Amino acid sequence: MKYVDLHCDTLTKSFDEKLGIKDGGLQINLNKLKKSGCAAQCFAVFTEGEGADSRFGRYAEYFRSCMRKFGRDIKPVTNYSDLKYCLDGGGTGVILTVENLGFIKSADEIDGLYSLGVRMASLVWNFENALACPNLLFEDGMPLFDKRESRGLTPLGREVIERLDDKGIIVDISHLSDGGAEEILDGRKIPLVASHSNCAAVCNWPRNLTDSLIKKIADCGGVVGVNFCKDFLGEGDTFERVLDHIIHLIKVGGGDIIAFGSDFDGIPECEKLEGCEKMPELLNFLESRGVKGETLEKLAYKNFARVFKEVCS
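Here is the structure:
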């Protein structure tokens, strides 16, 4: 079955470690995506710290160079017609996203990101920036895994969210504090995503979403991409734990909220899901355990396609 994956760190890892994006030894590469039946893969540009703006430029140019070099193997997706072409079997789509907009100094810069083809973006990673706070708290340099962050967005963060919505770039609340997510979701009508987040009720981890947030994401028509990181899944069989989070998302938010957000090349390899080549096995397992028919199609691609059509058409 075809599928869409909402998040991976393959682009930055390929560039940083000089590993070929077509056939290199990554959890995702273009050859693996094609064989796995991937209709579209979101490729995140991740930057953090001093000099992040210049590094973003280098990653974006690397993305463009890959598009030029491997144009026969992949199709850049910037609108719904592009995505539909890929879903209809026209090739493997690639969607450019940004993880951590902390390098943004003005909401006007969002226009430039749109022109580069960015169609999804998150405000923050694991450290506070000029836009927002993450949900991971630190004390004396050590993460506090039993705490959650209640602070919301900064004034600039609010301006950036408004501009993302105006431009037609999907807002991604993965990594964002509970306070920031609640602020964005309060009365929201435009769908957003948590591109690579799981359920706190299934695995109590600050990066996972509370049931309250899951309900509000569902209320605005958004989706949650289930993350394959063992820290977020919890102990046990990987496939079983993925199923647990999917079932809980459906229970709390309904069948229109579920999606995949692997986090491949940003997480250690785990048994059964070492890379995207194992996605057909995961899909077969889920079908065998009752996630089938329309529900499986919604999980695999339909839910995200609906959000993409509404926001990015």
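Quick note on the numbering used here: the sequence shown kicks off at 1 and runs consecutively.
Backbone N, C-alpha and C fix where the C-beta goes; we use that ideal spot for every residue, glycine too.
Just so it is clear, the structure is predicted and the values come from calculations on it, not from any experiment.
Option nearest Ala60 by Cα separation, candidates Ala40, Ala194, Ile95: Residue mapping note: residue 60 aligns to position 60 of the sequence shown, counting from 1. Residue Ile95 is the option with its Cα nearest to Ala60.
Residues of its chain near Ser195, where Cβ-Cβ distance is below 6 Å and the 5 sequence neighbours each way are ignored: The residue labelled residue 195 in the question sits at position 195 within the sequence shown. For Ser195, the CB contacts under 6 Å within the same chain, skipping 5 residues up- and downstream, are Leu6, His7, Asp172, Ser174, Gly225, Gly261 in chain order.
Option in Asn79, Gly187, Gly236, Asp165 with minimal Cα separation from Asp108: To locate residue 108, count along the sequence shown from 1; it is residue 108. Cα-wise, what sits closest to Asp108 is Asp165.
Start-to-end residues for the alpha helix (DSSP H) that takes in Asp5: Indexing the sequence shown from 1 puts residue 5 at position 5. No alpha helix (DSSP H) holds Asp5; the beta strand (DSSP E) holding it covers 3 to 5.
Inside the stretch 228 to 286 only - alpha helix (DSSP H) runs reaching at least 4 residues: You should have 230 to 233, 238 to 253.
Residue span of the beta strand (DSSP E) that contains Leu96, given as start and end: As a first step, residue 96 must be located in the sequence shown, where it is residue number 96. Start and end: 92 to 99.
Limits of the unbroken beta strand (DSSP E) element including Ser150: On the sequence shown, residue 150 is found 150 positions in, with the first residue counted as 1. No beta strand (DSSP E) contains Ser150, which DSSP labels as neither H nor E.
Alpha helix (DSSP H) segment containing Gly57, residue limits: Translated into positions along the sequence shown, residue 57 becomes position 57. Looking at the DSSP string, the run of the alpha helix (DSSP H) that includes Gly57 is 52 to 69.
C-alpha gap between Ser54 and Phe70, whole angstroms: Locating residue 54 in the sequence shown gives position 54, where the first residue counts as 1. Locating residue 70 in the sequence shown gives position 70, where the first residue counts as 1. Near 24 Å, if we compare the C-alpha coordinates of Phe70 and Ser54.
Backbone secondary structure at Ala26 - three-state DSSP: The residue given as residue 26 occupies position 26 in the sequence shown. The amino acid at residue 26 is misidentified as Ala; the sequence shows Leu. Three-state result, Leu26: coil.
Boundaries of the alpha helix (DSSP H) in which Lys75 is found, first to last residue: Counted from its first residue, the sequence shown places residue 75 at position 75. Where Lys75 is concerned, there is no enclosing alpha helix (DSSP H), although the beta strand (DSSP E) it sits in stretches over 74 to 76.
Cβ contact (3+ pairs, closer than 8 Å) linking the stretch 75 to 94 and the stretch 27 to 38: Yes, since at least three Cβ pairs between the stretch 75 to 94 and the stretch 27 to 38 fall closer than 8 Å, the two stretches touch.
Per DSSP, the bridge partner or partners of Ala40: The sequence position of residue 40 within the sequence shown is 40, counting from 1. Partner(s): Val4, Gly93.
Rounded straight-line distance, which links the Cα of Leu136 to that of Pro143: Position 143 of the sequence shown, counted from the first residue, corresponds to residue 143. Position 136 of the sequence shown, counted from the first residue, corresponds to residue 136. In this structure, the straight-line span from the alpha carbon of Pro143 to that of Leu136 is close to 7 Å.
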